[in-house]
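Enquirer: First the structure, then my questions, so here it is.
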């Protein structure tokens, strides 16, 4: 709508919504949580006992285990190990993969674009679908519009992720033979995994968007907007829907985290070469450096996403900047 | 030719319980440049009438009218589009709570631009010019800076000015103001009313002012219409209606108003009871159950609005031809023999130069610098049987002082004494005594009562420690309810089934349950209708007489303070700027701020005008 962009332009001209101080505060907070995540990973490594014993093949002798421990520095005092661990991570300096022999970090980075393509497309499509359905279920003209689409989405939500994937494979690949079951050769391989993940995102978004919109509809400023004599559509979109985006954006950010986790299942199911599949393979084959790098990268991605989300929320609702 | 001409307006709302009739035949005319006040208790249909005039009814409401003309256009069967055009071009609306009436997400400048005509917001430059012009006309200082502020960064008064500027953006002919100052401080209230007054004169606006407070409309509007139960029951020139009320309801509203020039010797008269629910209304006069003058005819015939020769205006009452309306005699417990406070006795509590600074220095907030204190070096003491009023605008620190006295906040500096011991040095037994003898009554009882608890259970909670025997507890609850004027039937209800006044009575009963010596009440009546307010104030006075309690009453309303307090202190930005006996402070204010507060108090009805009412 032309009018919306007009007011956006005016709003932007008047004042930038983001304060540097807020960004700084949020970024420092993000660093702290990243540090926390890394520390938890470090502690987990020790929760199972001597990591060298876990790493070593089952047939290894005591000498071989000790050799491995020395090689990876597991024989040093724990605070030194922790320091080296942090320094290595900051330098992106991971041990080589135990299988391919290539640097673990590169191994993971190589897969990142695939997962991003899958995850981001799924979140964007799922969020869009959720927003449209949420809007319609709150502001639709007829009762059918308000009730049917959201009920359908609710049914989708009650189907678990992996089962959804199996259903899609059964229907579209095996029965109709329209789409490939697995692999990574063309864009057609992406459709089913993306659909599966989007079905996980959309219902939550739709439900929250609808309830937030319904809440805001009874706020007094909606009446003020109507009293200005602007069209009902403008009231619904500019004052009701956009005001309701704040909590929804936060949710979408959380869903992004959920999708990264969900990707582990979906990528395995569709044999899609992403970070999730790599992580599963690394865990199964006890390729500890690769698993570590994958976990840390996922944490980093999640942190960056939540920072972006916080910034977006402030753009939508400037009160969020003040605590 | 009237700008607004409505005749026999009726509104029906379909609800689960049946058809509600919030407006049952209202006729109004407003000329350009004229102001009409629409007055009544909440639930009388005045807000819904004003919203109907702006075409802002909920979709579930249907409207019928014999005549409904706005600006020469017949709107009785108008489409939504026609209504939108009327709202856009000829009607401006001002809402009760300016902080909620602005979209929290949008800058002031954007919201203003949205209200403008397309030619004014054709370009960023044009909308900027027009915005500055509008803000200037409503007396906003630094208009340029305001444009790039968000609503939450504004004060209430400033926000209301911006709402008014928005209403004026397309040069309307009619301004509807729905309780425009109820949510604002007294000093700001006067400024906003003056502003509306000036705009009306300058722009020849027709103004519809909706309010529950007769003091607000007096001297501001030419004519006033009093609404009760969906009908206009009295209508005429403002001074006439207030000083020579022809209807017992209007007379009761006048008699219920506290005022700074009303002495304690003239008791306020509350109107007991509530407006009737407007569903399945029985025939006859709607005021009948609350009216002391009701006779047989009132039960049968709903009196029509008729011209009263004697008073020269219109009223709907069977009794007006009996001569002037006589209110029932003042009920015994509202009379006032003031108990002389025992000033020589040891104080119950003392506050010794306390200061409160909010907000701890946080690790990541080091660049903010120290915050200004909310309370600066405040001292006070309260003797047995004494009533102390604390006055000040919002943000003056008056509530913070009270909260510190009951331990809800800790002072940053200074000490608070209970008896002769500082709170920090109290033994556990003494802490129990302090918590028992000093009770707090909240402003909004609807949020301070647990919505899932029955009234009896809410009160019982306070009694648990004092009265181990369940039987005796129920007995006490019954007595307490009777003491605050509630029937036993209320005991089993939930808070949402009570009216605001009844909930406030429950709050008081809960405080009384522990036999306090001192009751600290934070704005105990500010959320209530004037008529209910009077009954609560009278209740407080009666309790004080019967129990010999002390009160600390926090209020922004000097009339309330004058009516109930022996001594008062005036707070301004955390400082006590004036203290002394209520009479002395109000008659002979020393501090500039106190003088301003007194000047800003809504125009109150002087004693001679009131004589007919009492």
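Protein chains in written order, with UniProt numbering: chain S, 1 to 323; chain C, 1 to 614.
Even for Gly, the Cβ is constructed at its ideal location relative to N, Cα and C.
Around the Cβ of residue 127 (chain C), are there at least 16 other Cβ atoms within 10 angstroms (buried) or fewer (exposed)?
Expert: As a working mapping, residue 127 (chain C) is identified with position 127 in the second chain. It counts as buried.
Enquirer: Determine, using beta carbons only, whether residue 72 (chain C) and residue 204 (chain C) come nearer to each other than 8 angstroms.
Expert: Here residue 72 (chain C) refers to the residue found at position 72 of the second chain. Here residue 204 (chain C) refers to the residue found at position 204 of the second chain. The answer is no: Cβ separation not under 8 angstroms.
Enquirer: Can you find a C-beta in chain C that's less than 8 angstroms from the C-beta of residue 225 (chain S)?
Expert: One-based indexing of the first chain puts residue 225 (chain S) at position 225. Yes - at least one Cβ of chain C is within 8 angstroms of the one on residue 225 (chain S).
Enquirer: Between the alpha carbons of residue 69 (chain S) and residue 120 (chain S), how many angstroms are there, rounded?
Expert: As a working mapping, residue 69 (chain S) is identified with position 69 in the first chain. As a working mapping, residue 120 (chain S) is identified with position 120 in the first chain. Each residue's alpha carbon lies about 40 angstroms from the other.
Enquirer: Report yes or no: is there a C-beta of chain C within less than 8 angstroms of the C-beta of residue 319 (chain S)?
Expert: Your numbering for residue 319 (chain S) matches position 319 in the first chain. Yes, residue 319 (chain S) counts as interfacial toward chain C.
Enquirer: Would residue 11 (chain C) pass as a contact of residue 56 (chain C) if the rule is Cβ separation under 8 angstroms?
Expert: One-based indexing of the second chain puts residue 11 (chain C) at position 11. One-based indexing of the second chain puts residue 56 (chain C) at position 56. No, these two residues do not count as a Cβ contact at 8 angstroms.
Enquirer: What number of angstroms, rounded off, separates the C-alpha of residue 278 (chain C) from the C-alpha of residue 25 (chain C)?
Expert: Start at 1 with the first residue of the second chain, and residue 278 (chain C) comes out as number 278. Start at 1 with the first residue of the second chain, and residue 25 (chain C) comes out as number 25. The alpha-carbon atoms of residue 278 (chain C) and residue 25 (chain C) are separated by roughly 13 angstroms.
Enquirer: Take the Cβ of residue 568 (chain C) as the centre, count every other Cβ of all protein chains shown within 10 Å, and call the residue buried at 16 or more, exposed below.
Expert: Within the second chain, the letter at position 568 stands for residue 568 (chain C). By the neighbour-count rule (16 or more Cβ atoms within 10 Å), residue 568 (chain C) is buried.
Enquirer: Closer than 8 angstroms, CB to CB, is residue 229 (chain S) near chain C or not?
Expert: For the purposes of this step, residue 229 (chain S) is taken as residue 229 along the first chain, with counting starting at 1. Yes, because at least one Cβ of chain C sits closer than 8 angstroms to the Cβ of residue 229 (chain S).
Enquirer: Just the C-alpha distance for residue 252 (chain C) and residue 4 (chain C), rounded to the nearest angstrom, thanks.
Expert: Locating residue 252 (chain C) in the second chain gives position 252, counting from the first residue. Locating residue 4 (chain C) in the second chain gives position 4, counting from the first residue. Those two C-alpha atoms are separated by around 29 angstroms.
Enquirer: For residue 84 (chain S), would you say it is in contact with chain C, using Cβ-to-Cβ distances shorter than 8 angstroms as the test?
Expert: In the first chain, residue 84 (chain S) corresponds to position 84, counting from 1. Not closer than 8 angstroms to any Cβ of chain C, the Cβ of residue 84 (chain S) fails to qualify, so no.
Enquirer: Is residue 215 (chain S) close to chain C? Criterion is C-beta to C-beta, closer than 8 angstroms.
Expert: The residue labelled residue 215 (chain S) in the question sits at position 215 within the first chain. It does not: the Cβ of residue 215 (chain S) has no partner Cβ on chain C nearer than 8 angstroms.
Enquirer: Can you pull the chain S residues whose beta carbon is under 8 angstroms from the beta carbon of residue 150 (chain C), in chain order?
Expert: Stepping through the second chain from its first residue, residue 150 (chain C) is reached at position 150. Around residue 150 (chain C), the beta-carbon contacts reaching into chain S at under 8 angstroms are 318, 319.
Enquirer: Would you call residue 505 (chain C) buried or exposed, if buried means 16 or more other Cβ atoms sit within 10 Å of its Cβ?
Expert: What you label residue 505 (chain C) is simply residue 505 of the second chain in a count that begins at 1. Burial call: buried.
Enquirer: Using beta carbons (cut-off 8 angstroms, strictly below), is residue 102 (chain C) in contact with chain S?
Expert: If you number the second chain from 1, residue 102 (chain C) lands on position 102. For residue 102 (chain C), the answer is yes, since a Cβ of chain S falls inside 8 angstroms of its Cβ.
Enquirer: Under 8 angstroms between beta-carbons, which chain C residues line up against residue 326 (chain S)? List them in chain order, please.
Expert: Shown here, chain S extends from 1 to 323; a query on residue 326 (chain S) therefore has no answer.
Enquirer: Report the rounded CA-to-CA distance for residue 584 (chain C) versus residue 113 (chain C), giving the unit in angstroms.
Expert: For the purposes of this step, residue 584 (chain C) is taken as residue 584 along the second chain, with counting starting at 1. For the purposes of this step, residue 113 (chain C) is taken as residue 113 along the second chain, with counting starting at 1. Rounded to the nearest angstrom, the two C-alpha atoms are 50 angstroms apart.
Enquirer: What's the gap between the Cα of residue 185 (chain S) and the Cα of residue 115 (chain C)?
Expert: One-based indexing of the first chain puts residue 185 (chain S) at position 185. One-based indexing of the second chain puts residue 115 (chain C) at position 115. Their backbone Cα atoms lie some 55 angstroms apart in a straight line.
Enquirer: I'd like to know if residue 364 (chain C) contacts chain S, where contact means its C-beta is closer than 8 angstroms to some C-beta of that chain.
Expert: For the purposes of this step, residue 364 (chain C) is taken as the residue at position 364 of the second chain. For residue 364 (chain C), the predicted structure reports a pLDDT of 49, less than 50, and the residue's modelled location is therefore unreliable. The matter cannot be settled from this model.
Enquirer: Beta-carbon separation of residue 396 (chain C) and residue 571 (chain C) under 8 angstroms?
Expert: Counted from its first residue, the second chain places residue 396 (chain C) at position 396. Counted from its first residue, the second chain places residue 571 (chain C) at position 571. Result yes, Cβ atoms of residue 396 (chain C) and residue 571 (chain C) sit closer than 8 angstroms.
Enquirer: Leaving aside the five residues before and after residue 41 (chain S) along the sequence, list all residues of the same chain whose C-beta is less than 6 angstroms from its C-beta, in chain order.
Expert: In the first chain, counting from the first residue as 1, residue 41 (chain S) sits at position 41. For residue 41 (chain S), where only same-chain residues beyond five positions count, the Cβ hits under 6 angstroms are 295.
Enquirer: Where does residue 118 (chain C) land, buried or exposed, given buried means 16+ other C-beta within 10 angstroms?
Expert: The count along the second chain starts at 1 and reaches residue 118 (chain C) at position 118. By the C-beta density criterion, residue 118 (chain C) is exposed, having fewer than 16 other C-beta atoms within 10 angstroms.
Enquirer: Whose C-alpha, out of C:98, C:543, C:489, is nearest the C-alpha of residue 456 (chain C)?
Expert: Working through the second chain from its first residue, we reach residue 456 (chain C) at position 456. It is C:489 whose Cα lies nearest to the Cα of residue 456 (chain C).
Enquirer: Under 8 angstroms between the Cβ atoms of residue 210 (chain C) and residue 234 (chain C)?
Expert: Your numbering for residue 210 (chain C) matches position 210 in the second chain. Your numbering for residue 234 (chain C) matches position 234 in the second chain. Against a cut-off of 8 angstroms, the Cβ pair of residue 234 (chain C) and residue 210 (chain C) comes out as no contact.
Enquirer: Quick one: which unbroken alpha helix (DSSP H) runs of 4-plus residues sit fully inside the stretch 212 to 243 of chain C? Chain order, please.
Expert: Those alpha helix (DSSP H) runs which fall completely within the stretch 212 to 243 of chain C and span 4+ residues are 214 to 217, 238 to 243.
Enquirer: Let me make sure I understand the geometry here. Which of C:259, C:287, C:491, C:283 has the alpha-carbon closest to that of residue 271 (chain C)?
Expert: By 1-based counting over the second chain, the position of residue 271 (chain C) is 271. Comparing Cα positions, the closest option is C:287.
Enquirer: Can you give me the Cβ contacts of residue 109 (chain C) inside the same chain, cut-off strictly under 7 angstroms, excluding the 5 residues immediately before and after it?
Expert: Translated into the one-based positions of the second chain, residue 109 (chain C) becomes position 109. Correct list, in chain order: 131, 147, 148.
Enquirer: Anything in chain S within Cβ reach of residue 161 (chain C), meaning under 8 angstroms, just list it in chain order.
Expert: Walking along the second chain from the start, residue 161 (chain C) turns up at place 161. By Cβ distance, chain S contributes nothing, its closest Cβ being about 14 angstroms from residue 161 (chain C), past 8 angstroms.
Enquirer: Is the beta carbon of residue 620 (chain C) less than 8 angstroms from the beta carbon of residue 70 (chain C)?
Expert: This structure does not reach residue 620 (chain C), given that chain C is present from 1 up to 614, and the question cannot be answered.
Enquirer: If I follow the unbroken alpha helix (DSSP H) through residue 128 (chain C), where does it start and stop?
Expert: Numbered from its first residue, the second chain carries residue 128 (chain C) at position 128. Bounds of the alpha helix (DSSP H) holding residue 128 (chain C) are 124 to 137.
Enquirer: What are the boundary residues of the alpha helix (DSSP H) that residue 89 (chain C) is part of?
Expert: Against the second chain, residue 89 (chain C) aligns to sequence position 89. Run containing residue 89 (chain C): 80 to 89, per the alpha helix (DSSP H) assignment.
Enquirer: Please list, in chain order, the chain S residues whose beta carbon lies closer than 8 angstroms to that of residue 85 (chain C).
Expert: Within the second chain, numbered from 1, the residue matching residue 85 (chain C) stands at position 85. The answer, in chain order, is 229.
Enquirer: Consider the Cβ of residue 129 (chain C): report whether some Cβ of chain S lies at a distance smaller than 8 angstroms.
Expert: Taking the second chain and counting its residues from 1, one reaches residue 129 (chain C) at position 129. By this cut-off, residue 129 (chain C) is not an interface position.
Enquirer: Could you work out which residues of chain C lie near residue 219 (chain S), taking near to mean beta carbons separated by less than 7 angstroms?
Expert: For the purposes of this step, residue 219 (chain S) is taken as the residue at position 219 of the first chain. Chain C residues near residue 219 (chain S): 100.
Enquirer: Taking contact to mean 3 or more Cβ pairs, one atom from each stretch, closer than 8 angstroms, check whether the stretch 119 to 139 of chain S and the stretch 280 to 292 of chain S are in contact.
Expert: Because the criterion of three Cβ pairs below 8 angstroms is not met, the stretch 119 to 139 of chain S and the stretch 280 to 292 of chain S do not touch.
Enquirer: Take residue 329 (chain C) and list the residues in its own chain whose beta-carbon comes closer than 8 angstroms to its own, dropping the five residues that flank it on each side.
Expert: Within the second chain, numbered from 1, the residue matching residue 329 (chain C) stands at position 329. In this prediction, residue 329 (chain C) scores a pLDDT of 44, lower than 50, which makes its location untrustworthy; no coordinate-derived value is stated.
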